[in-house]
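Scroll down for the structure; my scribbles are underneath it.
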Amino acid sequence: MTTDQMLDRRKFYINGEWVDPKVPNDHEVINPSTEEACAVISFGSEDDTNAAVAAAKAAFWGWAETPREERVEKLKTLLGIYKERREEMAHAISLEMGAPIKLAGSAQVGAGMMHIMDAINQVENFHFDQPLGDHAPNDRILYEPVGVCAMITPWNWPMNQVTLKVAFALGAGCTMVLKPSEEAPLSSMLFAEMI
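Numbered by the working numbering, the letters in the sequence shown go through residues 274 to 468 in order.
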């Protein structure tokens with residue numbers, strides 16, 4: 274790809290919006306099938322990381338206190354958007370991984386879809402409030418969100434890795450900071466747009 278055809282993905286998704294890095298530090302994403310740069314991203318700095326963590330921390334209690342039913346509905350909405358944009362996702366995965374488009378569309382995108390569906394099912398059916406046991410009939414076990422989750426995902430099977438972590442964390446009531454592989458970040462950036 275020529276420089277004018279390369280995707281410019283230097284911004285970070287923090288607090289619901291795309292923001293410029295505090296200190297730009299460019300990195301070219303290479304399409305393994307062509308061995309050419311297909312996009313340029315920026316590595317995050319300590320200040321960028323701190324901004325992302327602060328935003329996730331600030332959003333935590335509001336999301337953690339969201340009723341389970343509402344979290345499930347948000348996941349169902351996410352699943353609908355993911356399905357609508359599956360061709361875009363397949364293209365992003367094919368570009369960043371060099372995977373054949375059919376494989377990216379069926380296996381890679383499909384794995385992400387299955388994880389979101391599983392998260393919906395698990396959150397709908399999980400008992401967040403359970404009795405401790407017959408020996409303590411008045412005592413309860415309450416499963417609560419743990420806080421901000423730090424997530425680092427590898428380059429291989431990007432949507433499998435990302436959706437497996439993100440969908441379940443959202444369903445449990447957690448916020449997160451996701452650091453996808455710099456070798457395959459395009460699908461994660463597209464996924465951020467969907468959320």
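Positions of the beta carbon are idealized from the N, C-alpha and C atoms, including for glycine.
Keep in mind that this is a model prediction, so the values were computed, not measured.
How big is the Cα-Cα spacing for residue 329 and residue 448? Working through the sequence shown from its first residue, we reach residue 329 at position 56. Working through the sequence shown from its first residue, we reach residue 448 at position 175. So the alpha carbons of these two residues sit roughly 6 Å apart.
Since residue 419 is in the alpha helix (DSSP H), which residue starts that stretch and which ends it? Residue numbering aside, residue 419 sits at position 146 when the sequence shown is read from its first letter. First-last for residue 419: undefined, no H or E at that position.
Flag this pair as yes or no: are the beta carbons of residue 415 and residue 399 separated by less than 8 Å? Position 142 of the sequence shown, counting from 1, holds the residue named residue 415. Position 126 of the sequence shown, counting from 1, holds the residue named residue 399. No, the pair does not count as a contact, with Cβ atoms beyond the cut-off.
Among 468, 302, 381 and 298, nearest to residue 454 - alpha-carbon criterion: One-based indexing of the sequence shown puts residue 454 at position 181. If we check each option's Cα against that of residue 454, 302 comes out closest.
What does the alpha-carbon distance come out to for the pair residue 308 and residue 282? By one-based count along the sequence shown, residue 308 stands at place 35. By one-based count along the sequence shown, residue 282 stands at place 9. Rounded to whole angstroms, residue 308 to residue 282 spans 19 Å at the Cα level.
Around the C-beta of residue 288, are 16 or more other C-beta atoms found within 10 angstroms, so that it is buried, or is it exposed? Residue mapping note: residue 288 aligns to position 15 of the sequence shown, counting from 1. Burial call: exposed.
Reduced DSSP secondary structure (H/G/I, E/B, other) of residue 278: By 1-based counting over the sequence shown, the position of residue 278 is 5. In the structure shown, residue 278 sits in coil (DSSP, three-state: anything other than H, G, I, E or B).
Quick check on this structure: which residue in 284, 280 and 304 has the alpha carbon closest to the alpha carbon of residue 456? For this step, residue 456 is matched to residue 183 along the sequence shown. It is 304.
Nearest CA to the CA of residue 380: which residue from 393, 366 and 392? Along the sequence shown, one-based indexing puts residue 380 at 107. Considering only alpha carbons, the answer is 366.
Whose CA, out of 294, 278 and 430, lies closest to the CA of residue 372? The residue you call residue 372 lines up with position 99 of the sequence shown. Looking at the Cα atoms, 430 is the closest of the given residues.
Contiguous beta strand (DSSP E) assignments of at least 3 residues, all confined to the stretch 285-312: 285-287, 290-292 and 299-304
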